[in-house]
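The structure appears right after this line, and notes come after that.
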Amino acid sequence: MASNRIPDDAQVDAALERVSRGDTAAFAVIVRRHERSLRTWLAVHTPPGVDVDDIAQRSFVAAFTRFHEFELGTNFEAWLFTIAKFQLRTETTRLRRIADYHTRYGPDLLQRELARRSDSSSEAWKLRLEYLQGCLEALDERLRRFVSWRYDEEISLDEMATRSGRSVPAVKKQLWKARQLLHQCVKSRMTASEGGAS
Amino acid sequence: MSTQERFAELWTDYLEGELEEVDLKELQELLTADESLVHQAADLFQTHRLLGLIAAEKFDSQEAFVNETLALLPKNDSDFSKRVMSELLNSKSVTDDQQRSSTRKLGLRQIAPVLLGCIALSLVIVSVLSQRFDDNDTHQMIALEEALPEVRMASSSHPKFFGELAPPIGSLLAPQREYVLMSGMIEVEFPAGASVIMEGPAVFRISSDESLALDVGRCSVHAPPGAEGFRIDTPNTRIVDRGTRFAVNVSESTETDVQVLEGAADVYDVDQNGKVDQDRSSETRLAIGEAKRFAATGASSKNTLPFDPTSYRHSLPDRVVSYKATVAADGGAENLVSVTIQRGGRIIEVLADELIPAQVSSFYAPGSGAFLCGPETFPNPRSSISIDHNLVTGIINPAGSREPLTESPVLDGDDKTPGMAIRFDSPVINGPGADVVLFDLQTFANPPDGDAFHVSPIVFREGLRSHTIQKYDLTMESPESLYLTNFHVHFFEEKTDSLEKLNSLETKTHQQAIKFRGLAVGIDLSDMGYAEGEAVSGFFIQDALDDAHHVDPVFIGGLPEIKK
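Residue numbers (this note's numbering), protein chains in the order written: chain A, 751 to 948; chain B, 65 to 628.
Next up, the structure:
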């Protein structure tokens with residue numbers, strides 16, 4: 751996992767200082783520190799049809815080229831996320847203008863709901879990601895196998911059906927069930943976490 | 065089948081990318097009818113996305129992501145530093161440019177007579193436009209929402225534009241406005257990453273976020289991955305990048321030469337109305353190492369040219385790009401903070417503290433005059449001001465010689481050489497490009513390109529020679545030359561033929577009433593014949609006596625050695 755290579759605050763502060771003086775290489779430290787939270791946030795707020803990593807990279811590049819507008823000592827992540835939100839909004843606007851919008855872009859209501867959820871902090875979404883990892887490990891092994899096929903190996907539904915000896919509709923049901931259970935698991939852990947904190 | 069079951073089916077198909085258009089319509093209807101399904105859809109979509117992220121992290125995507133992101137950053141280390149320096153003029157200069165956009169179209173033949181007149185007019189133009197700088201000090205910030213793709217001036221080297229100052233580095237170039245670059249070079253950056261180096265004389269327009277129209281002149285285009293399809297429109301052709309480097313030269317008679325350095329370029333004929341010829345026979349693909357000349361519209365011949373890789377310019381010449389300074393109470397620049405310089409093709413920002421201090425070690429002026437500038441009262445010894453970072457303190461107006469030295473200057477005795485010797489606190493190592501930066505006081509009554517001067521070795525030997533600087537990197541026409549804070553000038557009424565006298569003679573003090581600016585130039589020790597890597601402890605400066613104005617070196621610093 752990437753987490754063991756995340757730079758600490760002191761390293762990040764030093765890197766910000768170096769970047770402000772024109773040291774491009776120091777920006778790698780900044781990217782390393784914030785990529786996970788930014789990609790996580792974008793993953794859950796970016797509608798279908800938009801490449802998450804593309805928006806994340808565009809956001810980092812925009813942050814780099816506009817670095818002179820950033821005030822050292824203030825919250826870089828908040829500034830980066832503001833840029834990312836703008837990048838995402840620009841991209842979704844562009845997609846909306848494309849003909850055949852519904853086919854390419856999917857349910858407009860989903861996008862609105864995702865946008866409505868954008869208030870949650872990046873920390874909250876990183877926490878969700880960690881809970882999801884825990885929930886995944888706790889998932890029934892048969893269901894976990896489908897998840898692994900789907901997300902790790904990215905194999906087709908037909909191939910999953912062949913491997914499992916089931917029909918394609920049955921495979922879809924397994925995936926639906928797995929996602930439902932994982933969501934419920936994360937939700938309950940978040941609730942427990944919030945209760946403990948208060 | 066219940067609504068929930070149908071929704072589960074449709075939503076799973078949707079996430080798997082297997083939803084048909086007719087089913088999408090049904091899904092939309094379900095979501096519209098039941099808000100709880102929208103929440104459920106969003107929950108599962110987010111879970112789906114997070115699962116994808118977890119899977120990606122398992123395969124150590126972080127390093128790949130970091131590397132890919134860094135590869136997308138602008139190539140110049142201090143690109144954003146340059147933008148800081150030039151942000152001042154952005155918004156208003158664009159407005160002003162648009163107001164002037166009615167400037168009529170000029171060809172090279174039409175430009176030639178105006179060039180001469182332009183020189184005479186330049187002082188007037190500069191003084192009028194200078195007011196703009198004062199007016200724009202407040203344009204520091206650009207709202208985030210304005211960060212839409214736009215074409216910018218990335219860098220420049222001695223640019224002279226017809227009837228106007230060069231746009232500041234980092235400023236936006238107005239779309240569809242004709243720019244006449246009379247001499248020098250500029251680099252223009254497009255939002256998708258393409259960059260174009262223009263060499264004057266050239267007449268061009270930014271025709272879109274992905275194209276540039278070149279009526280006459282020479283340019284070198286680099287369109288990296290992501291910028292494919294970038295195009296140059298000339299009077300008779302459209303050149304479309306197919307990745308990644310090509311050079312274009314449009315002659316006065318509109319013949320267009322195209323040389324492809326990397327990748328390929330497609331060239332299409334364009335009719336007199338600027339429309340691309342739809343006939344496929346008009347399309348020519350040039351691959352790497354190929355070159356062709358495209359004649360004017362109507363002529364069918366396309367002549368093969370010998371491929372000349374030197375026609376492509378990879379970067380602007382090494383030079384002082386800009387500098388930063390503290391701001392005094394009167395709003396003028398005072399102490400040097402850093403200087404941004406291109407050395408060996410690489411742009412770096414050097415802090416003032418990292419520069420190797422240089423102080424005046426001998427001084428000889430055969431007559432009286434103003435030889436010191438700075439505060440009203442001086443420290444002891446006065447000559448110590450030559451070593452500080454202050455851009456308005458120094459030993460100025462050294463004497464000189466029209467002819468540069470060909471032998472070692474005499475520093476002592478009765479037959480001393482007019483001028484002054486500079487000694488670095490530690491030797492400067494001769495590296496690529498400039499090794500020393502020199503700042504000069506200048507006002508509009510002085511030569512706009514800077515006061516010419518000679519630099520000579522303190523001790524000549526075979527292979528060493530004098531070098532004459534006639535044009536500074538940052539001139540009175542450079543937006544990057546900052547306005548300086550006020551200062552005093554100290555006049556010596558007696559002959560000041562030594563450093564001792566400079567430190568002790570009575571002076572009359574006069575406060576400058578007009579605004580000065582800080583010009584800057586890089587001095588390459590190689591131009592004096594020093595070998596690469598050679599350590600140089602000082603040199604001798606003489607005014608070139610080419611006019612009534614003398615050089616005013618208020619700060620001289622050696623650049624630190626480039627780490628390999």
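We put the beta carbon where it would ideally sit given N, CA and C, even for glycine.
If you draw a straight line from the alpha carbon of residue i to that of residue j, how long is it in whole angstroms?
i, j, result
"Asp850 (chain A)", "Ala498 (chain B)", "Here the model assigns Asp850 (chain A) a pLDDT of 43, short of 50, so the residue's position is not dependable and the matter cannot be decided."
"Ile533 (chain B)", "Phe517 (chain B)", "5 Å"
"Asn131 (chain B)", "Leu400 (chain B)", "35 Å"
"Lys572 (chain B)", "Phe556 (chain B)", "7 Å"
"Phe630 (chain B)", "Glu625 (chain B)", "Residue 630 (chain B) is absent from the model: chain B starts at 65 and stops at 628."
"Ala359 (chain B)", "Arg282 (chain B)", "16 Å"
"Leu114 (chain B)", "Leu838 (chain A)", "18 Å"
"Val260 (chain B)", "Pro223 (chain B)", "15 Å"
"Ser219 (chain B)", "His103 (chain B)", "50 Å"
"Phe254 (chain B)", "Arg309 (chain B)", "15 Å"
"Phe225 (chain B)", "Thr457 (chain B)", "32 Å"
"Lys356 (chain B)", "Glu319 (chain B)", "10 Å"
"Glu570 (chain B)", "Glu228 (chain B)", "44 Å"
"Leu583 (chain B)", "Phe129 (chain B)", "42 Å"
"Ile780 (chain A)", "Ala135 (chain B)", "14 Å"
"Asp394 (chain B)", "Pro138 (chain B)", "35 Å"
"Glu873 (chain A)", "Pro757 (chain A)", "16 Å"
"Ala765 (chain A)", "Met65 (chain B)", "58 Å"
"Met484 (chain B)", "Pro445 (chain B)", "17 Å"
"Arg866 (chain A)", "Glu904 (chain A)", "30 Å"
Can a CB atom of chain B be found closer than 8 Å to the CB of residue i?
i, result
"His784 (chain A)", "no"
"Phe777 (chain A)", "yes"
"Trp899 (chain A)", "no"
"Ala793 (chain A)", "yes"
"Glu863 (chain A)", "yes"
"Leu726 (chain A)", "Residue 726 (chain A) lies beyond the range of chain A shown here (751 to 948); nothing can be said about it."
"His852 (chain A)", "Here His852 (chain A) scores only 46 on pLDDT, less than 50, and its place in the model should not be relied on; the value that follows carries that caveat. Answer yes: the Cβ-Cβ gap between His852 (chain A) and chain B drops below 8 Å somewhere."
"Gly915 (chain A)", "no"
"Gln761 (chain A)", "no"
"Phe831 (chain A)", "no"
"Asp902 (chain A)", "yes"
"Gly772 (chain A)", "yes"
"Leu907 (chain A)", "yes"
"Phe810 (chain A)", "yes"
Is any beta-carbon of chain A found at less than 8 Å from that of residue i?
i, result
"Val314 (chain B)", "no"
"Thr133 (chain B)", "yes"
"Ile412 (chain B)", "yes"
Since residue i sits in a beta bridge, which residues does DSSP pair it with?
i, result
"Glu228 (chain B)", "B:Phe225"
"Asp333 (chain B)", "B:Thr301"
"Asp908 (chain A)", "Bridge partners of Asp908 (chain A): none, in fact."
"Asn367 (chain B)", "B:Arg357"
"Gly327 (chain B)", "B:Thr308"
"Cys283 (chain B)", "B:Met262 and B:Val312"
"Pro521 (chain B)", "B:Phe603"
"Gln506 (chain B)", "B:Arg581"
"Leu278 (chain B)", "B:Phe268"
"Lys89 (chain B)", "Lys89 (chain B) is not bridged to any residue."
"Arg407 (chain B)", "B:Arg410"
Report all residues from its chain with a CB closer than 7 Å to the CB of residue i; omit the five preceding and five following residues, and keep chain order.
i, result
"Phe820 (chain A)", "Phe826 and Trp829"
"Ser379 (chain B)", "Gly409"
Apart from the five residues on each side of it in sequence, which residues of its chain come closer than 8 Å, Cβ to Cβ, to residue i?
i, result
"Ser631 (chain B)", "Outside the shown range of chain B (65 to 628) lies residue 631 (chain B), about which nothing can therefore be said."
"Leu936 (chain A)", "According to the sequence displayed, residue 936 (chain A) carries Val and not Leu. The answer, listed in chain order, is Arg878, Tyr881, Leu882 and Cys885."
"Arg939 (chain A)", "Tyr881, Gly884 and Cys885"
"Glu598 (chain B)", "Ile493, Asn494 and Leu589"
"Arg789 (chain A)", "Val802, Asp803 and Ala806"
So, at 6 Å on beta carbons, what are the nonlocal neighbours of residue i in its own chain, with the 5 sequence-adjacent residues on each side left out?
i, result
"Met910 (chain A)", "Trp899 and Val921"
"Arg768 (chain A)", "Ala776"
"Phe524 (chain B)", "Glu471 and Ser472"
"Asp616 (chain B)", "Ile460, Asp504 and Leu505"
Closest Cβ-Cβ distance between residue i and chain E: below 8 Å?
i, result
"Val267 (chain B)", "No chain E is present in this structure, whose protein chains are A and B."
* Are there three or more Cβ pairs, one per stretch, closer than 8 Å when the region 68-77 of chain B is compared with the region 87-96 of chain B? -> yes
* Should the region 298-305 of chain B be regarded as contacting the region 323-343 of chain B, the criterion being three or more beta carbon pairs within less than 8 Å? -> yes
* Asked: So, do the region 347-357 of chain B and the region 384-398 of chain B have three or more beta carbon pairs nearer to each other than 8 Å?
  -> no
* Three or more C-beta pairs closer than 8 Å, one from the region 501-508 of chain B and one from the region 525-532 of chain B: is that the case here? -> no
* Any chance the region 428-440 of chain B sits against the region 393-407 of chain B, with 3 or more Cβ pairs inside 8 Å? -> No contact exists between the region 428-440 of chain B and the region 393-407 of chain B.
* For the region 468-478 of chain B against the region 601-616 of chain B, are there 3 or more C-beta pairs whose distance is under 8 Å? -> yes
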